[in-house]
Amino acid sequence: MTMAALDTNTPVMEHEDTRDSRRLGIWLTLPAQILVLFIAVFPILMQVYISLTDWSPLDGIGWWQAHELWNSFANYSDLMADDRFWSALGRTVLVMAICVPVEFLLGLGLAILFVDDFPGRRFLYSVLLIPMMVVPAVAGYMFFMLFQSGGPVNDILSFFYGAPVTIAWLADPDLAFFAVIVSDIWQWTPLMFLILLAGMVGVPEDQLRAATLLGASWATRFRTIVLPRMKTIIIIALAIRVIENFKVFDNFYIMTGGGPGVATETISIYIYKVTQQELIWGYVAAVALVILIALSVVSAIAIKRMSRGVSQ
Amino acid sequence: MTSIHLANLGKTFGSFTALRNMNLEIADGEFVALLGPSGCGKSTTMNMISGMIEPSEGEILFGERDMRGVPMSRRGVGFVFQNYAIFTHMTVYENLAYGLCATGVGKAERERRVNDMAEFLHLTALLKKPAAGLSVNILQRLAIGRSAIMEPAIFLLDEPLSNVDAAFRAVMRTELKHLQREFRQTMVYVTHDQLEAMTMADRIAVMDHGKLLQVGTPIDVYNNPSNVFVAGFLGSPGMNLIKGRSVASGEAMCIDLGEAGLSAPLPGALFRGLPEGKAVVYGFRPEHCELTDDDGLRLPVNFVERIGARTILHMGQGGHSIKGVFDNRVPVRQGDIVTLAIDPSNIRLFDADTGAAIVETH
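In the order they appear, the protein sequences are chains S and Y. Going left to right, the first sequence walks through residues 1 to 312 as the working numbering numbers them. Going left to right, the second sequence walks through residues 313 to 674 as the working numbering numbers them.
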């Protein structure tokens with residue numbers, strides 16, 4: 001009888017216990033939560049506020065007084081009509097659409113070469129990872145020098161061409177675009193390679209052997225075992241590169257400063273220039289906010305679709 | 313269906329010799345178990361037959377055909393891995409159909425064969441299920457079906473029952489034997505479990521330290537082990553092996569077993585040609601001894617192990633350790649001194665130096 005009484009009572013007591021400990025937990029973590037909230041939310045709220053004004057640091061008033069320069073949604077309507085903004089955004093997407101697939105394919109190819117052992121594999125592996133560890137600004141200077149009209153790239157071309165080649169790489173809009181893309185691919189293919197190799201090594205050996213014994217060719221094994229097994233890691237690698245590539249700045253700015261004209265101006269360079277040169281901070285805040293929202297929506301959709309694919 | 317011939321087969325990994333000088337003929341449709349402790353070279357042998365690794369020396373023939381340089385995808389060998397290696401990112405159907413797809417079998421034919429195989433292995437209800445998360449016994453049937461559907465001439469099984477529990481293992485032993493009769497393939501089965509080898513195989517090949525020690529039918533290998541290792545490895549518990557020395561006793565020959573006393577006279581066939589004073593190992597199965605009031609080996613009982621139907625007496629003193637298997641009503645307690653009578657026809661003698669069996673000399 002007492003047992004039965006205990007049985008009915010125990011869950012209730014446990015329930016109250018958990019509720020109490022939950023409340024205590026909330027109190028204990030509250031300072032940290034407020035701090036995190038402050039760090040994450042405050043700058044965005046501040047940005048929203050400034051984006052609705054004409055405020056600039058030269059106006060002689062603090063940013064908290066920016067409501068004196070309230071312009072409603074003028075920054076946003078300006079933005080809609082700003083061709084330079086839209087062309088920078090389009091260029092950024094174009095850079096991503098070229099760089100990420102090329103880096104992925106090169107990285108995948110290298111991973112295939114490196115998944116089996118061969119003499120000198122460890123050494124070559126270390127060498128291949130070097131570009132990734134170079135500071136992007138330094139890489140920018142390297143490629144800036146490589147692509148000078150009297151630089152090594154032209155020297156090599158002269159050697160093969162048999163006559164002096166003096167292409168002004170960074171002065172021609174198309175060639176400059178090509179050059180900055182080469183620098184990005186050079187620097188970030190190793191990261192793709194590293195991630196994809198890690199995924200490829202993780203494909204169970206026995207499954208590949210089983211497939212071989214069932215008569216599957218290399219290509220069939222790659223398509224039916226290796227790629228499906230690497231799906232998650234491929235999604236992660238692509239997601240990292242897409243997000244990173246969208247923010248590309250250092251090498252581009254150092255190599256060309258976004259020029260000639262606006263030929264290599266990505267969204268980051270555009271924001272930097274507008275902030276530094278034109279000092280219209282209210283407008284910049286609006287630009288940054290629009291990009292943040294657009295990127296968040298796109299990546300939320302992408303991650304949702306991708307994770308649905310993974311769980312299937 | 314095809315036979316397998318292994319001739320002087322050897323494999324070294326760097327300075328380590330995994331297998332040396334292996335000669336084995338496996339007949340068409342035969343079920344041969346490679347039996348031995350871990351590291352004896354049985355899996356290496358299997359991997360060389362499948363083509364996963366190349367032999368360092370010797371040759372492998374399937375029927376008349378030399379397998380040197382033939383890649384594993386073209387050997388027509390079915391292989392069931394210890395961990396089954398099921399493609400867990402596919403459905404049961406896709407797993408079964410994998411080999412047929414990979415080798416370009418048409419859709420209608422493919423569907424028919426997958427459905428037949430699924431029916432045969434009771435997997436029909438699971439065909440659309442993802443292979444991840446299936447229970448071990450289903451995975452195992454799937455692994456067998458996935459290979460069997462290709463109708464390979466040779467079927468290799470690498471410890472397929474080591475991951476399943478004891479009760480299911482007993483069921484699968486019967487089922488595997490049944491499958492082999494059904495498929496009529498040449499099967500090579502690697503195991504370290506003598507019970508599996510004994511119950512399923514037509515012949516057992518016992519291996520140790522990279523050497524093939526004995527090949528024969530289960531009963532033959534059990535009754536007439538060719539050396540001390542095989543004698544001690546097979547049987548549960550294994551054969552009793554006591555070091556001794558041959559001594560003449562009147563007309564007959566006996567073995568002086570030291571503290572255990574003098575053995576009963578050996579049967580004529582065993583000692584003919586045995587020189588006096590030779591160091592030998594005297595062996596007999598724990599099942600082949602009886603308690604007696606007459607002459608015999610006098611031994612103290614150190615431990616009485618009761619395992620249901622049988623009782624195992626652990627006996628001996630000094631350097632001897634002798635086990636005897638009796639029925640469970642044996643009236644003996646720990647500390648008793650018992651006298652063991654051993655049927656002379658069940659005694660096996662081994663050369664103490666080489667370990668090889670001393671066979672009847674005529």
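For each residue, glycine too, the CB sits at the ideal point set by N, CA and C. Just so we're clear, the structure is a prediction, and the values are computed from it rather than from any experiment.
Q: Between the Cα of Glu369 of chain Y and those of Y:Asp470, Y:Glu376, Y:Ala664 and Y:Leu318, spot the shortest distance and give me the residue it belongs to.
A: Against the second sequence, residue 369 of chain Y aligns to sequence position 57. If we check each option's Cα against that of Glu369 of chain Y, Y:Leu318 comes out closest.
Q: Could you say which of Y:Ser558, Y:Lys419 and Y:Val476 lies nearest to Ala591 of chain Y if we only look at CA atoms?
A: Here the question's residue 591 of chain Y lines up with position 279 in the second sequence. If we check each option's Cα against that of Ala591 of chain Y, Y:Ser558 comes out closest.
Q.
Against Tyr501 of chain Y, what residues of chain S qualify as contacts under a CB-to-CB distance less than 7 Å, listed in chain order?
A. Taking the second sequence and counting its residues from 1, one reaches residue 501 of chain Y at position 189. Within chain S, no residue comes near Tyr501 of chain Y; the closest Cβ sits about 16 Å away, beyond 7 Å.
Q. At a Cβ threshold of 8 Å, is Ile235 of chain S touching chain Y?
A. As a working note, residue 235 of chain S is residue 235 in the first sequence. Closer than 8 Å: no.
Q | Through-space distance from Ala509 of chain Y to Asp520 of chain Y, alpha-carbon basis | A | By 1-based counting over the second sequence, the position of residue 520 of chain Y is 208. By 1-based counting over the second sequence, the position of residue 509 of chain Y is 197. Cα to Cα, the separation comes out at about 15 Å.
Q. According to a CB-to-CB cut-off of less than 7 Å, which residues of the region 394-417 of chain Y neighbour chain S?
A. Asn395, Ala397, Phe399, His401, Tyr410, Gly411, Ala414 and Thr415
(Q) Any beta carbon from chain S within less than 8 Å of Ser355 of chain Y's own beta carbon? (A) Your numbering for residue 355 of chain Y matches position 43 in the second sequence. Not one chain S Cβ lies under 8 Å of Ser355 of chain Y.
Q | Residue closest to Val650 of chain Y, alpha-carbon to alpha-carbon, out of Y:Val642, Y:Ser657 and Y:Pro656 | A | Position 338 of the second sequence holds residue 650 of chain Y. It is Y:Val642.
Q | Identity of the residues DSSP links to Pro442 of chain Y by a beta bridge | A | Along the second sequence, read from residue 1 onward, the residue named residue 442 of chain Y stands at position 130. DSSP output for Pro442 of chain Y lists Y:Thr403 as bridge partner(s).
Q: Mind listing the chain S neighbours of Phe325 of chain Y? Cutoff is C-beta to C-beta under 8 Å, in chain order.
A: Numbered from 1 along the second sequence, position 13 holds the residue referred to as residue 325 of chain Y. Neighbours of Phe325 of chain Y on chain S: none; closest Cβ ~14 Å, over 8 Å.
Q. DSSP state of Phe118 of chain S, grouped into three classes?
A. Here residue 118 of chain S refers to the residue found at position 118 when the first sequence is read from its first residue. Coil at Phe118 of chain S, not helix or strand.
Q | CA nearest to the CA of Met380 of chain Y, picked from Y:Gly388, Y:Phe391, Y:Gly390 and Y:Pro367 | A | Residue numbering aside, residue 380 of chain Y sits at position 68 when the second sequence is read from its first letter. The identity of residue 380 of chain Y in the sequence shown is Arg, whereas the question assumes Met. Per the Cα distances, Y:Pro367.
**Q.** Nearest to Val389 of chain Y (by Cα), restricted to the options Y:Ala414, Y:Asn320, Y:His434 and Y:Ala460
**A.** What you label residue 389 of chain Y is simply residue 77 of the second sequence in a count that begins at 1. Measuring from the Cα of Val389 of chain Y, the nearest candidate turns out to be Y:Ala460.
Q) Is DSSP giving Lys247 of chain S helix, strand or coil here? A) Locating residue 247 of chain S in the first sequence gives position 247, where the first residue counts as 1. Coil at Lys247 of chain S, not helix or strand.
(Q) Looking at the strands, I want to know which residues DSSP matches up with Pro549 of chain Y. (A) The residue labelled residue 549 of chain Y in the question sits at position 237 within the second sequence. In DSSP, Pro549 of chain Y forms no bridge with anything.
Q: Determine contact between the region 178-186 of chain S and the region 252-261 of chain S, defined as no fewer than three beta-carbon pairs at a distance below 8 Å.
A: yes
Q) With distances taken between CB atoms, is the gap from Val540 of chain Y to Val500 of chain Y smaller than 8 Å? A) Here the question's residue 540 of chain Y lines up with position 228 in the second sequence. Here the question's residue 500 of chain Y lines up with position 188 in the second sequence. Their beta carbons are not under 8 Å apart, which means Val540 of chain Y does not touch Val500 of chain Y by this criterion.
Q. Is Thr314 of chain Y close to chain S, meaning its C-beta is less than 8 Å from at least one C-beta of that chain?
A. Taking the first residue of the second sequence as 1, we reach residue 314 of chain Y at position 2. Not one chain S Cβ lies under 8 Å of Thr314 of chain Y.
Q) What's the gap between the Cα of Ala465 of chain Y and the Cα of Thr503 of chain Y? A) Reading the second sequence from its first residue, position 153 is the one you call residue 465 of chain Y. Reading the second sequence from its first residue, position 191 is the one you call residue 503 of chain Y. Straight-line Cα distance between these residues: approximately 21 Å.
(Q) Pop quiz: Tyr410 of chain Y and Leu28 of chain S are said to be a contact at Cβ under 8 Å. What is the actual Cβ separation, rounded to whole angstroms? (A) Position 98 of the second sequence, counted from the first residue, corresponds to residue 410 of chain Y. Position 28 of the first sequence, counted from the first residue, corresponds to residue 28 of chain S. Their Cβ separation, rounded to whole angstroms, is 54 Å, which puts Tyr410 of chain Y and Leu28 of chain S out of contact at 8 Å.
Q: Determine the closest residue to Pro260 of chain S out of S:Phe38, S:Asp174 and S:Glu103, with distance taken between C-alpha atoms.
A: Here residue 260 of chain S is taken as the residue at index 260 of the first sequence, counted from 1. Nearest option by C-alpha distance: S:Asp174.
Q) Can you list, in chain order, the residues of the region 202-214 of chain S whose Cβ is nearer than 8 Å to any Cβ on chain Y? A) Pro204, Asp206, Gln207, Arg209, Ala210, Ala211, Thr212, Leu213 and Leu214
Q: Give the secondary structure of Val389 of chain Y by DSSP, where H, G and I count as helix, E and B as strand, and everything else as coil.
A: Counted from its first residue, the second sequence places residue 389 of chain Y at position 77. Strand.
Q: Find out if the Cβ-Cβ distance for the pair Leu129 of chain S, Pro190 of chain S is shorter than 8 Å.
A: Taking the first sequence and counting its residues from 1, the one referred to as residue 129 of chain S is at position 129. Taking the first sequence and counting its residues from 1, the one referred to as residue 190 of chain S is at position 190. Yes, the pair counts as a contact, with Cβ atoms nearer than the cut-off.
Q) When Cβ atoms are compared, which residues of the region 217-228 of chain S fall closer than 8 Å to chain Y? A) Ser217, Thr220, Thr224, Ile225 and Pro228
Q | Status (buried if at least 16 other CB within 10 Å, exposed otherwise) for Leu94 of chain S | A | What you label residue 94 of chain S is simply residue 94 of the first sequence in a count that begins at 1. Around the CB of Leu94 of chain S, fewer than 16 other CB atoms lie within 10 Å, so the residue is classed as exposed.
**Q.** From S:Glu265, S:Arg121 and S:Val115, residue whose alpha carbon lies closest to that of Ile195 of chain S
**A.** Along the first sequence, read from residue 1 onward, the residue named residue 195 of chain S stands at position 195. Looking at the Cα atoms, S:Val115 is the closest of the given residues.
Q. Of all the CB atoms in chain S, is at least one closer than 8 Å to the CB of His674 of chain Y?
A. Along the second sequence, one-based indexing puts residue 674 of chain Y at 362. Note that His674 of chain Y has pLDDT 45, beneath the 50 cutoff, so the model's placement of it is unreliable and no number is given.
Q: For Pro164 of chain S, name the three-state secondary structure that DSSP assigns.
A: Numbered from its first residue, the first sequence carries residue 164 of chain S at position 164. Looking at Pro164 of chain S - three-state DSSP - the assignment turns out to be coil, as it is neither helix nor strand.
Q: Would you list the one or two residues that DSSP bridges to Asp568 of chain Y?
A: The residue given as residue 568 of chain Y occupies position 256 in the second sequence. Asp568 of chain Y is bridged to Y:Arg557 and Y:Leu574.
(Q) Please classify His490 of chain Y as buried or exposed, where buried requires at least 16 other C-beta atoms within 10 Å of its C-beta. (A) Here residue 490 of chain Y refers to the residue found at position 178 of the second sequence. With fewer than 16 other Cβ atoms within 10 Å, it is exposed.
Q) Hey, Ala211 of chain S and Arg221 of chain S: beta-carbon distance below 8 Å or not? A) In the first sequence, residue 211 of chain S corresponds to position 211, counting from 1. In the first sequence, residue 221 of chain S corresponds to position 221, counting from 1. Contact: yes.
Q. With a CB to CB cut of under 6 Å and the five nearest residues on each side skipped, what residues in its chain are close to Phe596 of chain Y?
A. Position 284 of the second sequence, counted from the first residue, corresponds to residue 596 of chain Y. Same-chain partners within the cutoff: Asn552, Ile654, Asn658 and Ile659.
**Q.** Contacting positions in the region 358-392 of chain Y - beta carbon closer than 7 Å to chain S
**A.** Ser362, Met364, Met384, Ser385, Val389 and Phe391
Q | For Tyr594 of chain Y, the first and last residue of its enclosing beta strand (DSSP E) | A | One-based indexing of the second sequence puts residue 594 of chain Y at position 282. In the DSSP annotation of this structure, the continuous segment of the beta strand (DSSP E) that includes Tyr594 of chain Y starts and ends at Ala591 to Phe596.
Q) How would you label Leu37 of chain S, buried or exposed, when you count the other beta carbons within 10 angstroms and need 16 or more for buried? A) Taking the first sequence and counting its residues from 1, the one referred to as residue 37 of chain S is at position 37. Label assigned to Leu37 of chain S: exposed.
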